[in-house]
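Report on the structure given below.
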Amino acid sequence: MFTGIVEEVGEIIDVRRTDEVVALTVRGQTVTSDAAHGDSIAVNGVCLTVIDPDGATGGTFTVELVPETLRRSSLSGIGVGSKVNLERALPAGGRLGGHIVQGHVDGVGTVLSRTPGERSDEVRFGLPPELARYVVEKGSIAVDGVSLTVAATDGESFTVALIPTTLADTTLGVRQAGDSVNLEVDVVAKYVERLTAGYLGDSGEEARVQ
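Numbering-wise (full-length UniProt numbering), the sequence shown opens with residue 1 and increments by one.
And the structure:
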């Protein structure tokens with residue numbers, strides 16, 4: 001799993017398409033420093049498996065995108081030169097600095113507006129209808145792999161406030177209206193919904209437990 005604390009911004013240096021699979025080669029000096037074949041690295045919030053690490057010499061690694069990943073995430077439109085947020089999987093005993101992030105993208109959102117402040121920016125994102133029930137004010141959400149706190153939501157969109165560190169150290173600092181972003185809602189909310197489903201009637205009201 002991941003924590004949504006981006007370690008570095010990398011760059012896509014090669015895109016190769018073979019049948020249904022797309023292979024991406026990514027440059028990232030920090031995340032490749034100890035990368036091995038089979039390791040997990042989150043690329044813009046998508047958990048991907050390293051198949052060709054070259055950290056010792058070139059600081060690059062290669063991953064493969066299968067049709068499911070291409071359908072579910074914004075990586076389907078990525079190209080050479082694109083900047084991406086990178087994070088290695090959390091080691092056992094590591095510090096959970098953000099929130100629990102699986103790297104399993106739930107949907108793709110869109111940047112609706114950006115309001116720059118003196119030192120921080122307020123950004124509003126479009127929210128797919130099927131994800132709205134999992135997003136709550138002051139709750140957590142991962143946007144392109146960045147752990148963020150929801151400042152406000154109206155059911156169709158949500159707003160976050162980006163601190164200077166986030167603006168400087170992630171791709172969210174340069175996202176503009178119309179850009180697509182990967183969204184992963186809080187996994188705890190999804191588990192709670194699943195576990196309580198048997199106690200709820202069709203109307204959403206609590207049913208009696210016999």
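The C-beta atom is built at its ideal place from N, Cα and C for all residues, glycine as well.
{"query": "Would you call residue 162 buried or exposed, if buried means 16 or more other Cβ atoms sit within 10 Å of its Cβ?", "result": "buried"}
{"query": "Using a Cβ-Cβ cut-off of 6 Å (strictly less than) and excluding sequence neighbours within five positions of residue 173, which residues of its own chain qualify?", "result": "167"}
{"query": "To the nearest angstrom, report how far apart residue 81 and residue 27 are at their CA atoms.", "result": "10 Å"}
{"query": "Taking Cβ positions, are residue 213 and residue 39 nearer each other than 7 Å?", "result": "The question about residue 213 has no answer here: the residues shown for the chain are numbered 1 through 210."}
{"query": "Give the DSSP-derived three-state secondary structure of residue 161 in the structure shown.", "result": "strand"}
{"query": "Expressed to the nearest angstrom, what Euclidean distance is found between the alpha-carbon atoms of residue 92 and residue 136?", "result": "29 Å"}
{"query": "Give me, in chain order, the residues of the same chain whose beta-carbon lies closer than 6 Å to that of residue 115; leave out the 5 immediate sequence neighbours on both sides.", "result": "122"}
{"query": "In its own chain, which residues sit with a C-beta less than 7 Å from the C-beta of residue 5, not counting the 5 before and 5 after it?", "result": "87, 97, 98, 147"}
{"query": "If you draw a straight line from the C-alpha of residue 37 to the C-alpha of residue 143, how long is it?", "result": "26 Å"}
{"query": "Would you say the stretch 178-187 touches the stretch 64-81, given that touching needs at least three Cβ pairs under 8 Å?", "result": "yes"}
{"query": "Counting C-beta neighbours from all protein chains within 10 Å, is the total for residue 67 16 or more, i.e. buried, or is it exposed?", "result": "exposed"}
{"query": "With 16 other CB atoms within 10 Å as the buried threshold, where does residue 119 fall?", "result": "exposed"}
{"query": "If you draw a straight line from the alpha carbon of residue 124 to that of residue 131, how long is it in whole angstroms?", "result": "15 Å"}
{"query": "Could you work out which residue in 190, 193, 194, 1 is closest to residue 95 when comparing CA atoms only?", "result": "1"}
{"query": "Judging by CA-CA distance, which residue of 103, 152, 69, 150 is the nearest neighbour of residue 89?", "result": "103"}
{"query": "Would residue 189 and residue 134 qualify as a contact pair, given that the criterion is a beta-carbon distance under 7 Å?", "result": "yes"}
{"query": "With DSSP run on the structure shown, which of helix, strand or coil describes residue 8?", "result": "strand"}
{"query": "Thinking just about the alpha-carbon of each residue, which of 129, 113, 117, 85 is nearest to the one in residue 170?", "result": "85"}
{"query": "For residue 46 and residue 154, I'd like the C-alpha separation in whole angstroms.", "result": "26 Å"}
{"query": "Could you give the DSSP three-state label for residue 109: helix, strand or coil?", "result": "strand"}
{"query": "Name the DSSP beta bridge partners of residue 41, please?", "result": "48, 88"}
{"query": "Which value, in whole angstroms, describes the spacing of the CA atoms of residue 14 and residue 25?", "result": "5 Å"}
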